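Comments concern the structure below.
Protein chains in written order, with our numbering: chain U, 1 to 124; chain E, 125 to 364.
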């Protein structure tokens, strides 16, 4: 748990620091956020999905890791393909991942609530 | 909970956390850089730069006037004591006025016109707009009525001046001007005004299109000098 947070923090610092030492080409700087945002969305979805699976007892590291990286790349590539075709596929990815993130959060919330109620009834 | 994690799981968590953090950091940073360079502040910056450039142009134009004045001072000094060259100097001054190299003032008129404020007719969206040809006709009428010096939005009209449209803007002497347009001309104020307001004349044509035109007769109209001296590269005086 702490290890993961620490790694997140290190990555955050690294990501914030990297652009200040290496100046990206202007075109990359303009295009990057479009795809990076989708990749982040996919990664967030995979992480929340893993959390939910962990709570439901169906967690599988292989599923998590593959989902994390493959979804991330797929989302970015899909958006790129959409740009090439002139179709806003990025929107489809945003909707899909957004829905899944909310579903995962709802599931996590329900499980946490259930556990808390069980604890309260046991104590009471 | 940490004790139950196997080594490869710990590695996976680190990897995932690092990747997620890196991506979020990069995204935040690049978006921040973008906002800094092309954000809403850009318009303000450009406007400020434009104003500064215009100030500089004004300053440089004054300097051009000053330097030309200096040149004519020197010429006057040279001409002094030399009766023969005195007439030449006077002629040179006249020619310089005609060529637009000096700022001139005298009686004349100022014509003010701008695009129609009312919505233009739907069948011809360009009908209420002042075109380059309108300005050309206006300048031509003024010349025909004996105007000695003409400027459109402070751009002196000389023999090499072109008035034309580039996209939806009008350029005079290669300088972009925008409405409202102000054509100042030095000449007999009554003659100039009559030339423009005659029945079927340019003013009547423009007002029927909904373009507001105002003519002011003034005893002291200032016409600025040409901001750029045109280059003469090919034309040479012919002996015959």
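For each residue, glycine too, the CB sits at the ideal point set by N, CA and C. The model shown is predicted, which means the values in this text are computed figures rather than measured ones.
If you look at residue 313 of chain E, you'll find it in the alpha helix (DSSP H) that goes 313 to 321. Counting only the Cα atoms, residue 236 of chain E lies some 6 Å from residue 339 of chain E. The region 277 to 290 of chain E makes contact with the region 222 to 229 of chain E, as at least three CB pairs between them are under 8 Å. E:311 is the residue among E:311, E:187, E:254, E:357 whose C-alpha sits nearest the C-alpha of residue 268 of chain E. In this structure, residue 336 of chain E places its C-beta atom within 8 Å of the C-beta atom of residue 238 of chain E. Shortest Cα-Cα distance from residue 31 of chain U to any of U:73, U:83, U:56 involves U:83. Here residue 108 of chain U really is in contact with residue 51 of chain U; their C-beta atoms are around 6 Å apart, less than 8 Å.
Setting aside the 5 residues that flank it on each side, residue 345 of chain E is surrounded in the same chain by 229, 230, 231, 232, 233, 234, 308, 309, 310, each with a C-beta closer than 8 Å to its C-beta; the list follows chain order. For residue 232 of chain E, the pairing in a beta bridge is given by DSSP as E:310, E:342. Membership of residue 117 of chain U in the alpha helix (DSSP H) is indicated by the continuous run 89 to 123.
The C-beta of residue 47 of chain U comes closer than 8 Å to at least one C-beta of chain E. A distance below 7 Å between beta-carbons, with the five flanking residues on each side excluded, links residue 317 of chain E to the following residues of its chain, in chain order: 233, 339, 341. Taking a cut-off of 8 Å on C-beta distances, the region 286 to 301 of chain E does not touch the region 318 to 332 of chain E, as fewer than three cross pairs fall below it.
Residues of chain U whose Cβ lies closer than 7 Å to the Cβ of residue 134 of chain E are, in chain order, 3.
In the assembly as shown, residue 210 of chain E is an exposed residue. Its beta-carbon has fewer than 16 other beta-carbons within 10 Å.
Counting C-beta pairs closer than 8 Å gives three or more between the region 143 to 155 of chain E and the region 8 to 22 of chain U, which meets the contact rule.
As a beta-bridge residue in DSSP terms, residue 288 of chain E pairs with E:295. Residue 47 of chain U is positioned such that its CB atom lies no closer than 8 Å to that of residue 299 of chain E. For residue 281 of chain E, the enclosing beta strand (DSSP E) has its first and last residue at 279 to 281.
For residue 337 of chain E, the pairing in a beta bridge is given by DSSP as E:237. Taking each of U:90, U:2, U:54, U:6 in turn and checking the Cα distance to residue 40 of chain U, the smallest one comes out for U:90. Under the DSSP assignment, residue 76 of chain U falls in the alpha helix (DSSP H) whose first and last residues are 61 to 85. Between residue 38 of chain U and the set U:3, U:92, U:65, U:53, the nearest pair of CA atoms involves U:92.
For residue 170 of chain E, the closest Cβ of chain U is not nearer than 8 Å.
Here residue 288 of chain E has 256, 294, 295 as same chain residues with Cβ atoms under 8 Å from its own Cβ, once five neighbours each way along the sequence are excluded. Residue environment analysis places residue 212 of chain E among the exposed positions, since fewer than 16 neighbouring C-beta atoms fall within 10 angstroms of its C-beta.
At a beta-carbon threshold of 8 Å, none of the residues of chain U lie near residue 291 of chain E; the nearest stands roughly 26 Å away. Rounded to the nearest whole angstrom, the CA to CA distance from residue 353 of chain E to residue 329 of chain E is 34 Å.
Excluding sequence positions up to five before and after residue 36 of chain U, its CB lies within less than 8 Å of the CB of 76, all in the same chain and listed in chain order. Counting C-beta atoms within 10 angstroms of its own C-beta, residue 72 of chain U has 16 or more neighbours from the protein chains shown and is therefore classed as buried. Using a Cβ distance threshold of 8 Å, residue 65 of chain U and residue 145 of chain E do not count as a contacting pair. For the C-beta of residue 296 of chain E, not a single chain U residue is nearer than 8 Å; the gap to the nearest is close to 35 Å.
Distances from the CA of residue 97 of chain U to each of U:87, U:67, U:119, U:53 were compared; the closest alpha carbon is that of U:67. If one requires a minimum length of 3 residues, no beta strand (DSSP E) run lies completely within the region 187 to 222 of chain E.
If you compare the alpha carbons of E:187, E:270, E:215 with that of residue 349 of chain E, the shortest gap goes to E:187.
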